[in-house]
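Chains as they are written, first to last, in this note's numbering: chain B, 1093 to 1326; chain L, 9 to 345. Using N, Cα and C, we set each Cβ at its ideal position, and we do this for glycine too. Taking it in order: structure first as structure tokens, then the write-up.
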């Protein structure tokens, strides 16, 4: 479904991605794990088009999208819930969700999906007409994911969904992510909480300073001694 | 239906007020009310880019200049044109459009320039964008100063027919406010707000940033051009000096005082900040108060206005209205849901 071939991205003169090659198949949950500065967020931002690679190619459903602008990628079915929950803080929860469906015209489908998101995150329904800035951190994270889902994506990219959440909420959130996946959305997940991420993923890539260091079955990586030592804290 | 009746009701009230002003007031006050209307158009249109889309432009006087010169060149009577501007290209020297048409053309010309300038400039953000738009305004002035065949350079164009009257002005005020209102409450308006709030999130929601930024800039410029054209036919003489930093900053101050992101705030503030200095003018010339002759105090108006501005900024830093709108419900003290 998604393929990156030798993607190199620069911030000015600094080479942030040193030739990333990875792929995501339809229906999978794939995790990117790695330390701070490994290039996980940069990879997601490149896939959603916020950054343009200097070399390398990105294919989505066998179509070259390397130079397609971000808003068109949303229309093609790639949604990105960015790091730090970039929600519209002065707009209400409802308006945030509606903006997520900006490119869609099916009024009924939009209403249906809003209700679906409320069934995933019942808290959001209680806060429906509150400005998003007044939500708690966890609720803002739910809203960011909900907004990304409103685009009706085939591929959902989540950047650090567990950041700053209480452990109990993290577990809840990951259950919802699995749920979203079971209902047919492919997921590319970036997480600091590597253990949690690996436990719900089929496959994973381990990034280190801008390149892929290891890849493979999530369960096997979870058992791998190097990975355990470096990222799982065992 | 209810809303339609409301709009109709508002327009009829406005019609009666203008009718009253037109019949009862002398030409001095009629002109003040025209200028108020022109300022309302300028401030509300600047609100689209600066307030709603978050692109803080300082180039509004530049678009005004484009509109003023465009309309003057298009509707000067042929004999005056031959006398003032003998070196015009043949086609331009031999047309004289009706006022309405020349004002509309002025708007389109300003919008065209906005697209031209916007494409490179709107990549910038924050202060960089403000400075770049200020640069555009300077460029417009320099170009006008140095194309004497088209604009008579620094001498300016005088003898522009005094077509503008209070009816024309408020006709355009109604169109401007209604158009902006509809735009703000459409999917375009949502895209503008999304860009202002967070351009990354907007982009990830599928908003085409370049398109909507340029669109908001161009819509604002269109009405600035219209206002410039109306202004030219009110004052009847235009020079490049008239469209300066001072003009831009007056509009920006009205916008900030009214509240960025509030159309009704812009209207209230344009009204007050245009009318108050005029009302205070007798103070400057010295007047007799309780039998005591006050001295002449030139500059007093500016002092009072400046103090008022500082007070507003201290006590209402987001402007008189913030980003809320006046509504009957609010006035009657009901909580809107």
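Original post:
What first and last residue would you give for the alpha helix (DSSP H) that runs through residue 1186 of chain B?
Top reply: 1185 to 1192
Original post:
For residue 1191 of chain B, which residues from the same chain have a beta carbon less than 6 Å from its beta carbon, with the 5 sequence-adjacent residues on both sides left out?
Top reply: none
**OP:** Return the first residue and the last residue of the beta strand (DSSP E) that residue 1249 of chain B is part of.
**Re:** 1247 to 1251
Subject >> Residue(s) in a DSSP beta bridge with residue 1228 of chain B >> reply: Answer by DSSP bridge pairing: none, since residue 1228 of chain B is not bridged.
Original post:
Which residues mark the beginning and the end of the alpha helix (DSSP H) in which residue 1353 of chain B is found?
Top reply: A question about residue 1353 of chain B goes unanswered here, because the residues of chain B that appear run from 1093 up to 1326.
Original post:
Name the chain L residues whose beta carbon is nearer than 7 Å to that of residue 1192 of chain B?
Top reply: 213
Original post:
To which residues of the same chain is residue 1167 of chain B closer than 7 Å at the C-beta, ignoring the five residues directly before and after it?
Top reply: 1195
Original post:
So, helix, strand or coil for residue 1300 of chain B, using DSSP?
Top reply: strand
**OP:** Taking only the alpha-carbon atoms, compute the straight-line gap between residue 345 of chain L and residue 242 of chain L and give it to the nearest angstrom.
**Re:** Residue placement at residue 345 of chain L is flagged as unreliable, the pLDDT there being 35, under the threshold of 50; a coordinate-derived value is accordingly withheld.
Subject >> Reduced DSSP category for residue 343 of chain L - H, G, I as helix; E, B as strand; rest coil >> reply: Residue placement at residue 343 of chain L is poorly supported in this model, since its pLDDT is 43, which falls under 50; the coordinates still yield a value, given next. In the structure shown, residue 343 of chain L sits in coil (DSSP, three-state: anything other than H, G, I, E or B).
Original post:
Name the residues in the stretch 191 to 217 of chain L whose C-beta lies less than 8 Å from a C-beta of chain B; which are they?
Top reply: 195, 198, 199, 201, 202, 205, 206, 208, 209, 210, 211, 212, 213, 214, 215, 216, 217
**OP:** Inspect the CB distances between the stretch 93 to 113 of chain L and the stretch 224 to 239 of chain L and report whether three or more fall short of 8 Å.
**Re:** yes
Original post:
Which of helix, strand or coil does DSSP assign to residue 73 of chain L?
Top reply: helix
Original post:
When the cut-off is 7 Å and only beta carbons count, does residue 1332 of chain B lie next to chain L?
Top reply: Outside the displayed range of chain B (1093 to 1326) lies residue 1332 of chain B, so it cannot be described from this structure.
Subject >> Residues bridged to residue 296 of chain L [DSSP beta-bridge criterion] >> reply: L/301
**OP:** Report the option in L/281, L/293, L/329, L/303 whose CA atom is closest to the CA atom of residue 41 of chain L.
**Re:** L/281
**OP:** Determine the direct distance from the alpha carbon of residue 1239 of chain B to that of residue 175 of chain L, and round the result to whole angstroms.
**Re:** 47 Å
Original post:
With 7 Å set as the bound, which would you pick, yes or no: does the beta-carbon of residue 1175 of chain B sit closer than that to a beta-carbon of chain L?
Top reply: no
Original post:
Does DSSP classify residue 1095 of chain B as helix, strand or coil?
Top reply: strand
Subject >> Spatially closest choice to residue 252 of chain L from L/51, L/102, L/147, L/121, by CA coordinates >> reply: L/147
Original post:
With a CB to CB cut of under 7 Å and the five nearest residues on each side skipped, what residues in its chain are close to residue 203 of chain L?
Top reply: 61, 62, 210, 215, 217, 220, 221
Subject >> Of the listed residues B/1314, B/1324, B/1309, nearest to residue 1115 of chain B (C-alpha basis) >> reply: B/1309
Original post:
Mind checking whether residue 59 of chain L and residue 228 of chain L have CB atoms under 7 Å apart?
Top reply: no
**OP:** Please name the residues in the stretch 1123 to 1135 of chain B whose beta-carbon is closer than 9 Å to at least one beta-carbon of chain L, in chain order.
**Re:** none
Original post:
Does residue 1104 of chain B get closer than 7 Å to chain L when you measure Cβ to Cβ?
Top reply: no
Subject >> Exposure label - residue 172 of chain L; buried when at least 16 CB within 10 Å >> reply: buried
Subject >> Proximal residues of chain L, C-beta to C-beta of residue 1239 of chain B below 9 Å >> reply: 209, 212, 213
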